[in-house]
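K.L.:
Numbering follows the numbering used here, with no gaps: position 159 of the sequence shown is 155. Positions of the beta carbon are idealized from the N, C-alpha and C atoms, including for glycine. My questions all concern the structure below.
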Amino acid sequence: MAKSNFNVVPNPTAKAGTTLENLKSAVNGETGATTKYAAYAKAAEEQGFPAVARLFAATSKAEQIHINLEAGLIRKAFEPDFQNPTAEAPEPLSTDLNLIDAAKGEIWETSDMYPQFIKAAEAEGNDEAVRIFTRAKLAEGFHAQRYIDAYNTLDKPTDEHYYVCPVCGYIHKGKTEDPCPICGAKASVFLEF
Ligand SMILES: [Fe+2]
Ligand SMILES: [Fe+2]
């Protein structure tokens, strides 16, 4: 897997700790994201942007995939009784601003939070955490790209649907035959939104 885009931004704001702490922090962050995107999907639908609503719904699902992977590793390797947290949805704004807010969160995760967590997991020799964080980090970069694309084309509605890789949370815009560029899963298993 390419490792050219795994640097941590200067003055990172995510607090990295042990891998267990980082897994919990990631689960919390992804829980906030999935809840927020579900609220933004509803707002986009109400505001007359059905394609953006599908993108938010797809990304909400992708973050649930990350939660399942991370919480699953917590239960398997550290705390069998770990309970998934819940989050409050924020009050949505207009859909253009919701897209920018969402893109900012994705960029923060892909350039600040996850690269730090990957380095900590590598230092601990926790290969499974490295793999889960790495796939999530790469997926967040694609999520940011999809949000910025939707922002730049907000007034040119698309009929395209979005396809979520159920293994790693990658999102493809439009139908594809190509396997997931992150984890290699076949396109036939992708979830359509
Ligand atoms: Fe994401
Ligand atoms: Fe994938």
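#1: Decide yes or no for the touch test of the segment 40 to 56 against the segment 83 to 103: beta carbon pairs closer than 8 Å, at least 3 of them.
#2: Run the CB neighbour count on residue 74, radius 10 Å, all protein chains shown included, and call it buried at 16 or more, exposed below.
#3: By DSSP, does residue 87 sit in helix, in strand, or in coil?
#4: Would the C-beta of residue 66 count as close to ligand 1, meaning under 7 Å from any of its heavy atoms?
#5: Rounded to the nearest angstrom, what separates residue 194 and residue 120 at their Cα positions?
#6: Say the cut is 7 Å; is the CB of residue 58 nearer than that to a heavy atom of ligand 1?
#7: In this structure, what does DSSP give as the bridge partners for residue 158?
#8: Return helix, strand or coil for residue 209, following the three-state DSSP convention.
#9: To the nearest whole angstrom, what separates the beta carbons of residue 178 and residue 164, a pair I think is in contact under 8 Å?
#10: Buried or exposed for residue 185, going by 16 or more other Cβ atoms inside 10 Å?
#11: Taking 7 Å as the cut-off, is the CB of residue 168 close to at least one heavy atom of ligand 1?
#12: In the DSSP assignment, the alpha helix (DSSP H) including residue 21 goes from what residue to what residue?
#13: Kindly indicate the opening and closing residues of the alpha helix (DSSP H) around residue 111.
#14: At a threshold of 7 Å, does residue 55 count as lining ligand 1 (C-beta to nearest heavy atom)?
#15: Would you say residue 17 and residue 66 are within 8 Å of each other, going by their C-beta atoms?
#16: From residue 96 to residue 140, what does the alpha carbon distance come to, in whole angstroms?
#17: Is the segment 25 to 40 touching the segment 49 to 60 in the sense that three or more CB pairs, one from each, lie closer than 8 Å?
#18: In this structure, how does DSSP classify residue 75 when only helix, strand and coil are distinguished?
#19: Whose CA, out of 117, 187 and 22, lies closest to the CA of residue 101?
P.N.:
Quick look at the numbers:
#1: yes
#2: exposed
#3: coil
#4: no
#5: With the chain covering -3 to 189 only, the question about residue 194 has no answer from this structure.
#6: yes
#7: 169
#8: Residue numbering for the chain in the displayed model covers -3 to 189; residue 209 lies beyond these limits and cannot be assessed.
#9: 5 Å
#10: exposed
#11: no
#12: 15 to 42
#13: 110 to 120
#14: yes
#15: no
#16: 9 Å
#17: yes
#18: coil
#19: 22
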